[in-house]
Each structure stands twice: as C-alpha cells, then as structure tokens.
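K.L.:
Submitted below is the structure of interest, expressed as structure tokens.
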Amino acid sequence: MILRAIELTHVGRFRETVRIGPLSPGLNILAAPNESGKSTALRATARALFDRHTTKGDEIKSLQPAGTDLAPRVAVEFETRTGRFRIEKTFLQTPTSVLKQWQSGAWQPLAEADLADQRVQALLSSSLPGRGATKPEHWGFLGFLWARQDEPAAWPGLQDAAVGQRIRARLARVELDPVIEQLRTQLAVAAEAILTAGGKPKVGGPLAVAEDDLMVIETELATLRQTRADLDSVHQRYQQASAVVAQLEKEHAERSACAVTLREQTLAAERLRGELEARRLALTTAKEKLATISADVEALARRRADLATTQKELAKAEAEALTAEERLSQLRAKLDAAQSERPRLDAQLQSLRAEQQRVQFLLKLRQMVISADVLVRTFAKAEAAAAEITVLEERKARLPSLTPVKLRRLEELGESVRTLRAELQALGLTVELTPERDAVITAVGGSELATPRPQGGLAAGETFRLHRAQAVDLHLAGWGRVVIRSGAQDAQTAAARLAETEKTHRQALLETGVTTVDAARDAMSVRRDLDLQLKSALAALGPHLGDHESLEKLREAVAGAARRVAALTATLQPTADEQTRSLTDLETDEARHTELIPAADRALKAFDRQLDQLRTDERTAAQAVQAAANRVSGHHARLRTLETQAGDLVARYPDGLDAAKETAQIVFFQAEARVVATTAELPPDFEKFPERNRRAAAALQHLANELQTHRAERDQTKGTLGTLGGQGLYSRETELEEKKAEALLRRDAARARGWSARIAHDLIEHRKQAATKAVLTPLEQRLTTAFAELTGDRSREVFLDEHLQVHGIGRTRDETHAFENLSQGAKEQLLLCLRLAVAQELAADEPQVLILDDVLVNTDSVRQERILDVLAAHAARLQILVLTCHPDRYRGLGEALLIK
Amino acid sequence: MALAREHEADAFLIAGDLFEDNQVDEALVAGVVDLFRAHPELPIYILPGNHDPSTGPESVWHRKAFLNASQNVHGLREAEVSQLGGHAFLLASPLHQKLSTTDPSLKLMELVAGLPVESVKIGITHGALAIEGKHQPNDFPIALNAASRAGLDYLAIGHWHNWLPDTDGGRIVMPGTPEPDRFGNDASGHVALVEIDGPGQAPRVRPLAVATLRWRSLTFEFLNAEASRASLRAELAALEPDSAQTVLRVTLTGTASPAALAEVRSWLEPILKPFLVGQLVDRTRVALSPVELADLQGRHPILAQVLADIDRLETFATGQMSVEGSTLANTTAQSSALSTPLTLAEVQTLLAPAKIELARLTPELLGQLRQTLLQTLQEVTR
C-alpha cells in the first residue's frame, strides 16, 4: 500500500481542513518545524486506516484540538494492487466511516461504517484488538515499515504468524511447503495434545491422565500392600501368640499339680511344727525351774560361808581402829608445840632486814653527794669551753662572707680585668705629654690604663703618659682642648669589654665585702684558721658535756643532783654518828647483813617444812581412824544381810530344797523326751515349705497373668485377622493390578505417541530452520552491503540468527557486537537497512510505503549523506515518506510536501 | 457338581486353589458356598492349596460363610482322615503356606498308618509333581510315586492348570483347571471322574470336559495376505456359532500399507464384535513402496532429510543402523545430498527441550516415530 494524500480537519493544531499531498510514489519529504503537526498528521492517518470509526480511546481523543471537543475528521487516499481507495473517518462525535474507490475518474462509495472498517482492514492485512485502539502490531506490513519518532530502536518480532512469518519467508526466500507445514502443524497438535513444550505431560492429556491414574492406582496398591503386610504381621503375631499360649498352658498345668502337692506337705509340716513348739516351751519351763532350784541351793551354801568370813573380818577391823586413834593423839601434841615456836624465829629475821635497809639508804646518800660534786666541776669546764667557742664564732662572723667559689670568681674577674687592660693597652692610644713649660693639663673622661688621671699641673720637661682605648681628651690650660681619637674598632670593643668586666668585678667585690682580691684571699685564710679553732673548741667541749646534749642540760643535771641529795637527807635524817661513818664502814655493815639475813631465812624455812610434815601426818592419821571405823560398820551390815538372805532361801522351800530339786529334775527329763520325739516326726527341710509354697503360688499367679495376656493378644490378633481377611484384599489388589497394567499401557502408548509426534515435529522444524539458515548468508550479505553503504565501513558484517533477528555486527559471527550494545545511531541505520530490505521484498507483490518519522536524529552528517544516497536509490521502487524538522538535510531530494 | 451327581459320585474333591487368594472378597466366598449349598446330598471335600492355604483366622477357610456352610461341605483345614462311607477313607494333607520345599504327600504316609488294610484309601494334596525341568524346588514338590509310596489307591493332586494324566501307574492324575484362564492352556477345562472298584485296585480315570469358554488365538499375516484372509475367514466362520462363549484374539503381523491395514481392520472389527472377547492386536508396520516414497520425497525434500535424521537417531540410540531405516535412507540419499547428517550434539539439542533421553529411544519407539510421520503425512495428503 502507498499513500496518496491526507486530509485533516479538527486534528491537533489543524482546526481547519489541511491537506498533505499529493504524495509521489518515490521519496517524499515532509519538513516542518517541531510541533508543527507532522507526526500528528501521520498518527491521524494511522487511526483512520486501522482503527474502528467508533473507537473512543485516548489515542483518538488526543487527536482533538486542545481545549475543544471537536470531532477529528481524517481522510486518507491510498493505493494497493487492487486499486485506489479513500477512507474518510469521523471520530468521537457522530463517528462515521466511508470507503470509496477511484473508478471512472471519480470516487465511488464502496462501504460505510463497520463494513468500511473491515474492508480497509482486509486491504491492508491489518487486525483489530479485542477492544480499544489499535497498536502498530495490528497495522499489518505498515507496522514494520513505519519507523516512529521516539520509539526504541527495536526490531519487531517476526514470529507473528500472519504478517511476520510472511515477511520472514520472503526475506529468507524460503518456500513454505504447505504439506510439510500442515504435517508439522498436525504433528505439533498431536504432540501438544499429549506433552507441554517442556516435555512434561500436558494437563488433561492422555499421558497426564494415564500418569495420574497410575499414581492413584499405585497409591491404592501401596495402601493395599501395606494392609497385606499388616495382615502378615498380625498373622505372625497370632502364630507366635498361639504358640506361647500353648506353652504357657502346659506349664500352668504342670505347676498347678506341683503346687497342690506342696500345699498339702506344707500343711502337715505346719501342724507338727506347732506341736513341737508347744513341747519345747514345756521343756524350757522345766529346765528353768530346775535351774532355779539348783541356783538356790548353791546360793544358800555361799551365804553361810560368807557369814563366817565376815565375822572374822569384823574382829580384825575393830583392832585396827583402836591403834589408829592412839597414833593420832600423839601427832596432834607435837604439832601444837611446833606452832608455838615459829613466831619467834620470824621476828628475828625481820629485825635483820630492817637494819640492812637503813645501811643501804645511807650508802646511797653518800654516793649521791659524791656525784653532785663531780657534776659541778664538769659544768665549770664546759662553761669555759663554750665561752671560747662563742668568741671564735664572733670573729668569724665579722669576716667577709666569702666562699671558695666566690673567691675564685673574684680572682677570675681580676684576671680578666688585667687581661683586658693589657689587650687594650696594646690596642689603645698611648699619649706622652712632655710640656715645655709648666702646664695644667686635665684629662677628660676615659679609663685610666697606664697612669693615674692627671690633675693639676705638669712641670716643664716632665713626661706624663696617658693611655686611652680610643680617644684621648685633654684640656690644656691656656691652650685649649686636644682630642685624639683612634679609628681601631678592636680597641673600642676591648674597651667596652674592659668596662663591663671592671663593673662586674667591682660589683663582686662589693657583694663579698672586700675591696680587693688580695683582701678577699686574706679574709678567706683567716676564715679557715677560725674554722680550725672552732673545730678544736667544739672537740674539747664534747667530753665535758658527756651524755648531755648541751650546756644547759648539764646545768639542769647539776641542779637535779643537788635536789635529790637534799631530799634523801631530809627523809633519812641521819644521826650525827651515821653522818660521820665512813663509806667503808657502811659497806662493811651492809655486807654483813647480806650474809645474816639469808641464813635466818633458811632456818625459818626448814622449821616451816617440819611443821607441814607434822600437819600432813596428823591428817593421814585422822583418815586412817575414819577408814577403820568404816570397815567395822561395813562388816556389821554385811553380817546382817547374809543372815537375812539365808533365811529367805530356806523359807522358799517348805519341803526342803533338796526335795524340790529332785522333783524338778524329773519333770525336765520328761519334757525333753517329748521334744525329741516330735522333732523326729518333722521332715528335714520342713522350714522351707512355707517359702516354697508361697513361691509356687506366686509363680502360678504370674503364669496365670501371663497366660491371660497372651490369650488376649492371641484372641485380638485372631479377631484382626478375621477382619482383615474378610476385606477382600486380593480381589481389590487384582483389580488394581489390572488397572495398573492398563494404565501403564496407556501411558507408554501416549508417551510413545507424544514423543513420536514431538520428535517428528522438531526434526521437521530443525530442517526448516536449517533451510532457512542456508539462505541467511545471502540475506546477511545484502544487509551488510546496505549497512556498508550507509556507514562507509566495509570491514563489518551484519549477522542474523535463525529467527532472522539481528544477531550483531562484527568482523566474524563469533566476534560481534550485539544489537543491544550498538549505538543508537548504528541501531537506527541497521533498522533502516532491514526496513528497506523488507519493503523491497514486499514491493514485489504490491507497492509499499516506508515512513521514517524523524528517526535518524542520532546519525552524523557524514552518514546522513550516505543515507540520502540510499534513500534516493530505493525510491525508485518504494514510496518513502520522510518527516523531519531539518529541511536543510533533505534539500534537493525527492518531493517536498507541504501541509496546506 | 451336576456331573458328579449325574454320575452318582460318592464324593466331590476339590484339590486346592478353589480361591485365588485368602483375601478374596466376602461376596465371592458366599457365592461359592451357595453353589455348594445347592447340592446338599453331595459330599464336597475342599483342600486348601498354595493360593488359599489354611494359615489361620485370616484365611478364607475361617470366613463366616464357610463356617456356616451346609453339612455336605468339608473344609480340610488340617491333615486328617475322613471316612467316605463304607470302607473308604480320604486322607488329606492340606497346605498351610504359599511355598515350601517339603513334599506334602509325606504326611499321607503318616495318616495311612492305623487305617484298615482292607479299605480304599484316597489321598488328596496340592503341589507340583517333581518332574525334572518342569517344577520349582520350593513349589511343594510331590514325588512321582507318592500314591504307591503311601499305599494309596488314588491320589488327587491340584496345582497345575493343564490335564496331566497317568502318573504313578495311573494312581496320580492332575485334572487341571475346569476352565482355561489364558491363551495356550488348551489342555485345561476338565474334571476327573475316578472309579475305584476296591482296595488295591487300579483306578479308572476319565476326563470330563466342563469348560464353558473357548479360547482361540488366530493370526493374519500380510506377507500372504490372500491366504491369511481365506484361512481366517474359515476359522472365524467355524467359531462364530459359539462366539458368545469364545475368547478370541486376532493378531495382524507383517508390513502393510496404511490403506491395506485400514482395509483389513475394517473387515475384521465387525466380525469380532459378537465374540465374548474379540481382541485385535496390531503388530504390523506401515510400508511405502519405493515409488511412493520417492514421489513423496521429491515433492517434500524435507521429508527425506527427516527420515535420514530418524535413522541417525536410531544409530545414536542403539549403535546400530536399522534395516528399515537404512532402506529409507538409501532411497532418499540422492535427493538429500545437500543436507548434512544430524550430529550427536544436534540430536541432544533437539531432544533437550522435551526432556527426551536418547537412551530411551528404543527401536520400537523409533519405528513408531516413522509410522507416525508417514501416517500423518498420509492423512495430510489424503
């Protein structure tokens, strides 16, 4: 189909009717500025060609002029191989559609309304969506041949059965064998009825149904088999339980018989045992009675023997008591005598002690007086030494405060001054003055280095030497002033240093309190001498002070000693005679007492020991007397007890003890004989019978319980077996097995059918694609040539895949840039090549229009020229409509269209 | 049982496997017992076999139906001796499990002890006669002289389905099943009528045909189509009167064109309809004449390639070139000179989307593939 003309009314900015056309069969350029309505006009054209006139979607409403509700009217004149047509459509308000055909020089109505829409659809091989406005995929071939502004650079798929496949077929020049195609389709249908695209059974298909049936059957079978397995298991348990029950019943019968026998034996033994117990009891009683009587006989004999012994002991004890009393009396007399002697001895000792103490106090007083005298003399010496020290220290204090360090510093400063002077002497000015007449010369300023500063007059012929560092300033009386300056800088520096050093020197001397260094040395020497003397004086004072820290302490000690002497004298109040006694007499007296007192003390202690011994003996004798008395009374009591006991024993047996004993012996022997007889009747292990009987009963009960349990289990399993056995498992299983076999057959058959159809289909498809691929190369070459013409790059080729999609561009098929990775410009150009190829192919049947709506915006100017060359070349066979807002790029090319 | 009454039999013996399994449904058991109840004067002795052994409460012999059966019905659940009347005794050695290496007839030797010498002793047991190469060691092997060894006048044995006569001097007979149960069991469908005149006398055994159904298997061979048709026609005509009692299978073999196959099927299907079971088994292969094949391939070059591809598939799948395929491939070789053979990688790529494994492409399936292709092609071009 090609376009001839377009008329628009109430479309976009076109409120009045505008006409675009006539369009030439070749290249048409519609150049207008942006927003001038070019694309709108084409959009309106598409709506008129492809949409129902009754469509009311946004795509239609967007055609209305802004702010109005005017009904857009579009008329398109187009041409197909069947003729020339005009479709006029009004949208929205009172929609209409009229199709006309150019016949006999005029437009003849052909159809209206829906019929007109359908006729156009048939003419253009387009389609309609279910509802709403159409999209490019509905526009038939034009959908491929219309490159729209701002659409992504993408190639529409060629899989569409109607248009895409035809394009694909034409491009690849693959003849579609309708028979093979039909075969393939039928095989596809057959396969799809059974399998999905992924090879899985199709839901609801025979394979899926067979598999589902199989699954159900196998589930049921599994359940049945499980039930049979349960049945077998229950059967096994039944058999086991039956065997166990039989065994237990047999054991129960045996044990029951044994238990009965054992019980009878036990009862007999119990009866005998009771009888034995009774007889043993009687024996025990007889035995005890006999033993009692025998014991009594013995006891009576012992009592009587004890009586005789006790009487003898009583007599002896009485004699001993008497002796003890006599002794006690003697000891008490001795003790009294000794106690009266002791006080005398004690008084004697106390007198000696008092005398000794007096002598000791007198000695002490004498010693204190002597000590006090010594202290007084020592104090006098110390006082003299201290006075000497004081004098020395005063002398030292009057000396200048010099230290060796200070002295050294003074010496150094002095030396520095001398050195600097000498230096300055060497550097400075020396002026000799020898006046011819008496003169009065006065030196002004400056430091004197050589001679004293002259004052007053100088005799004629007397030479006066003056040295200065840098300048000599003299005033000659009657003449004037003479100033002599030296230009030597060193002298100036030396002079400054000298002045500074002298100043420092003088300062130091002042601080130390000396006038000269020599004086400082002398003072230092005197200080040293004084230090030595002080040291000697202090050394002499030390011994006098002794333990006293100072002279004052010594003075205090002297005073203290005097006080103590006075105090002791007042306390003792010695007599004249005592005061005249010599120290030797006192010491001799003290020594004598020292010997007498211990002797007297020893004598007193020996007397005390004798006294203690007497006391001890007295106590012992008293205890002995008491013990003897106790023994006597004890023997009396025992005698009385023995007599009482003997009497009681005799009284117990009226007939006499011997007779009672004889009777008891007879009873004992009889009881013993009865016990022996009964013991012989009992079974040897009769004592174990109760335990055995109990054990047998317990075993039997246990066995009965176990038997009951196993019987219950057996009966239960029997019931279960009966129930399970009656369920007809076999019949159900057989039926299911048959169904399974049938389902397996169905499944295998369906799978075989499905696979056969699918493989056959896929093989055909494979060969078709192989055939298609075989013709890809020429198509690729065609596209490569076209692309090379466009781009000027002949080193790259265009490669397609088997679906005729652009695989990429590159030097080889393996080294391509994929379509998606190309630049926008390259994509546009490549798509242009494809569209041109498609249009060329389709044009073999019918003229085709290729619409390029400002799609080469990313193409540079160099390629733009090439594109124009290509378009011009193709315009011979195609109608090409270019919409652009760059008219300059297309000058001289094709027909320029105006929107009139 | 009607025959037994007709012949005034003293006893009706069922030597095992009355039921296929101990777990058959109640209705079946009840139905069987009802059948017995219909002949109250006929003593019926039923021995448990290896399919329905007397195992315990779950076995069919403990179903209520059997426990409440009429007095003429005797279930021989344990090894026992039953008096048949007069001086005849029935010694029974039933089975209690499905498999065993023990000869069940040994029990009869124990049972026979203590019986009067002058009495007819009939044994009944179940198992496989220990015929060399014909029995399994764990299938209750019965000695070939079991009857004479136990001093029996006759030993009734059940197990195998076909009639097996004259063993142990005629004292052992296996009557087989009274009804055939599969194609090929032509010797089944009988009961044995046994007459014993006295103790130690050889029994007279006669087979009585009792089968109600007839099983037949016929073949139509396309290789000799005309002869096969004539032969089959005659056989079918002979079977037709009893078609309601006939289980029939007709197998089509050989190679045939679809048309020929369709024609034969259309001829046979109505004929088979009246039969109780009329089974038509198609084992034919579609065949095209070389001319037909060449014509198809000339008009549809892809077809030649596809057939060659199928051959390649078979080669890859089985490692061998199929005869049929090679024929087709050779015929099409010239016309498909430009097509490249299918490679293994292409085969795997081809089969992968449908998840078909190459190893599962059996020659049968590939044959069906060719058939499907050609049949569909024929349908499309019809």
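Heads up: the protein sequence lines correspond to chains A and B, in order. As numbered in the numbering used here, residues 127 to 1026 make up the first sequence, in order. As numbered in the numbering used here, residues 4 to 385 make up the second sequence, in order. Cβ coordinates follow ideal geometry from the N, Cα and C atoms, glycine included.
Please list, in chain order, the chain B residues whose beta carbon lies closer than 8 Å to that of Tyr1016 (chain A).
P.N.:
The contacting residues do not exist; Tyr1016 (chain A) stays about 47 Å from chain B at best.
K.L.:
Quick check on Ser882 (chain A) - is its C-beta less than 9 Å from some C-beta in chain B?
P.N.:
Yes, because at least one Cβ of chain B sits closer than 9 Å to the Cβ of Ser882 (chain A).
K.L.:
Counting only beta-carbon atoms, is Pro97 (chain B) nearer than 9 Å to chain A?
P.N.:
No, no contact with chain A.
K.L.:
For Asp888 (chain A), return the contacting residues in chain B, with the cut-off set at a CB-CB distance below 9 Å.
P.N.:
Under the 9 Å cutoff, chain B gives Leu353, Leu354, Pro356, Ala357.
K.L.:
Is the Cβ-Cβ distance between Leu50 (chain B) and Leu6 (chain B) less than 9 Å?
P.N.:
No.
K.L.:
Can you list, in chain order, the residues of its chain whose CB lies under 6 Å from that of Thr322 (chain A), leaving out five sequence neighbours each side?
P.N.:
Excluding positions up to five away in sequence, the list reads Lys328.
K.L.:
I'd like to know whether the C-beta of Ile313 (chain B) is nearer than 9 Å to at least one C-beta of chain A.
P.N.:
Yes, Ile313 (chain B) counts as interfacial toward chain A.
K.L.:
What residues in the stretch 364 to 379 of chain B bring their beta carbon closer than 7 Å to a beta carbon of chain A?
P.N.:
The residues in question are Leu368, Gln371, Leu372, Thr375, Leu376, Thr379.
K.L.:
Any C-beta of chain B within less than 8 Å: which residues of the stretch 981 to 1007 of chain A qualify?
P.N.:
Against chain B - using a Cβ distance shorter than 8 Å - the stretch 981 to 1007 of chain A contributes no residues.
K.L.:
Go through the stretch 815 to 862 of chain A residue by residue and report every complete run of the alpha helix (DSSP H) that reaches 4 residues or more, in order.
P.N.:
Runs found: 815 to 851.
K.L.:
Please list the residues of the stretch 849 to 878 of chain A that have a C-beta atom closer than 8 Å to any C-beta atom in chain B, keeping them in chain order.
P.N.:
Going along the stretch 849 to 878 of chain A in chain order, one finds Leu850, Gly851, Gly852, Gln853, Gly854, Leu855, Tyr856, Ser857, Arg858, Glu859, Thr860, Ala878 with a Cβ nearer than 8 Å to chain B.
K.L.:
Under 9 Å between C-beta atoms, does Ser62 (chain B) make it to chain A?
P.N.:
It does: the Cβ of Ser62 (chain B) has a partner Cβ on chain A nearer than 9 Å.
K.L.:
Return the Cβ separation of Leu518 (chain A) and Leu671 (chain A) in integer angstroms, given the expectation that the two are a contact with Cβ distance under 8 Å.
P.N.:
Contact doesn't hold; Cβ gap of about 18 Å is too wide.
K.L.:
Once the 5 residues before and after Arg207 (chain A) are set aside, which same chain residues still bring their CB inside 8 Å of it?
P.N.:
For Arg207 (chain A), where only same-chain residues beyond five positions count, the Cβ hits under 8 Å are Asp971, Glu972, Pro973.
K.L.:
Counting only runs of 4+ residues fully inside the stretch 58 to 92 of chain B, write out the alpha helix (DSSP H) ranges in chain order.
P.N.:
The qualifying runs are 67 to 70.
K.L.:
Within this structure, are the beta carbons of Ala12 (chain B) and Leu132 (chain B) separated by less than 9 Å?
P.N.:
Not closer than 9 Å, so no.
K.L.:
Taking the alpha-carbon positions, what's the Arg632 (chain A) to Gln551 (chain A) distance?
P.N.:
Whole-angstrom Cα-Cα distance: 20 Å.
K.L.:
Could you check which residue in A:Ala952, A:Arg535, A:Leu1009, A:Arg989 has the C-alpha nearest to that of Leu976 (chain A)?
P.N.:
Of the listed residues, the one whose Cα sits closest to Leu976 (chain A) is A:Leu1009.
K.L.:
Run through DSSP, which three-state label would Val284 (chain B) get?
P.N.:
Looking at Val284 (chain B) - three-state DSSP - the assignment turns out to be strand.
K.L.:
Using a Cβ-Cβ cut-off of 8 Å (strictly less than) and excluding sequence neighbours within five positions of Glu558 (chain A), which residues of its own chain qualify?
P.N.:
Same-chain partners within the cutoff: Thr589, Phe590, Arg591, Leu592.
K.L.:
Hey, how far is the Cα of Ala192 (chain A) from the Cα of Arg139 (chain A)?
P.N.:
Taking the straight line from one Cα to the other gives about 8 Å.
K.L.:
Going by CA-CA distance only, name the one from A:Pro151, A:Ala131, A:Val137 that's closest to Ile1006 (chain A).
P.N.:
When only C-alpha atoms are compared, the closest one is A:Pro151.
K.L.:
Looking at the C-beta of His129 (chain B), does it have a partner C-beta in chain A at a distance below 9 Å?
P.N.:
His129 (chain B) does not count as touching chain A.
K.L.:
Return the bridge partner residues of Glu224 (chain B) from the DSSP annotation.
P.N.:
B:Thr256.
K.L.:
Are any of the Cβ atoms in chain C nearer than 9 Å to that of Leu31 (chain B)?
P.N.:
Among the protein chains in the structure shown, which are A and B, there is no chain C.
K.L.:
Would you mind telling me which residues of chain A sit closer than 9 Å to Glu23 (chain B), beta carbon to beta carbon, in chain order?
P.N.:
Per Cβ cutoff of 9 Å: Tyr856, Ser857, Thr860.
K.L.:
Measure the C-alpha to C-alpha separation of Arg961 (chain A) and Val224 (chain A) and round it to an integer number of angstroms.
P.N.:
Cα to Cα, Arg961 (chain A) sits roughly 31 Å from Val224 (chain A).
K.L.:
Could you check what DSSP says for Phe140 (chain A) in three-state terms: helix, strand or coil?
P.N.:
In the structure shown, Phe140 (chain A) sits in a strand (DSSP, three-state: E or B).
K.L.:
Check whether the stretch 15 to 35 of chain B touches the stretch 167 to 182 of chain A, counting contact only when three or more Cβ pairs, one atom from each stretch, lie closer than 8 Å.
P.N.:
With the cut-off at 8 Å, the stretch 15 to 35 of chain B and the stretch 167 to 182 of chain A do not touch.
K.L.:
Is the number of C-beta pairs between the stretch 199 to 209 of chain B and the stretch 235 to 243 of chain B that are closer than 8 Å three or more?
P.N.:
Result no; under three Cβ-Cβ pairs closer than 8 Å.
K.L.:
Taking 9 Å as the cut-off, decide whether the C-beta atoms of Pro46 (chain B) and Val123 (chain B) are in contact.
P.N.:
For Pro46 (chain B) and Val123 (chain B), no; Cβs fall outside 9 Å.
K.L.:
Since I believe Pro181 (chain B) is in contact with Ala214 (chain B) (beta carbons under 8 Å), could you give me their beta-carbon distance rounded to a whole number of angstroms?
P.N.:
Indeed they touch by this definition, with Cβ atoms about 7 Å apart.
K.L.:
What is the DSSP secondary structure of Pro1013 (chain A), counted as helix, strand or coil?
P.N.:
It is helical.
K.L.:
Taking only three categories from DSSP, how would you classify Asp312 (chain B)?
P.N.:
The answer is helix: DSSP assigns Asp312 (chain B) an H, G or I state.
K.L.:
Could you list the residues in the stretch 188 to 219 of chain B with a C-beta less than 7 Å from some C-beta on chain A, going in chain order?
P.N.:
Those would be none; no residue qualifies.
K.L.:
Mind checking which residues open and close the alpha helix (DSSP H) that includes Gln752 (chain A)?
P.N.:
Start and end: 709 to 778.
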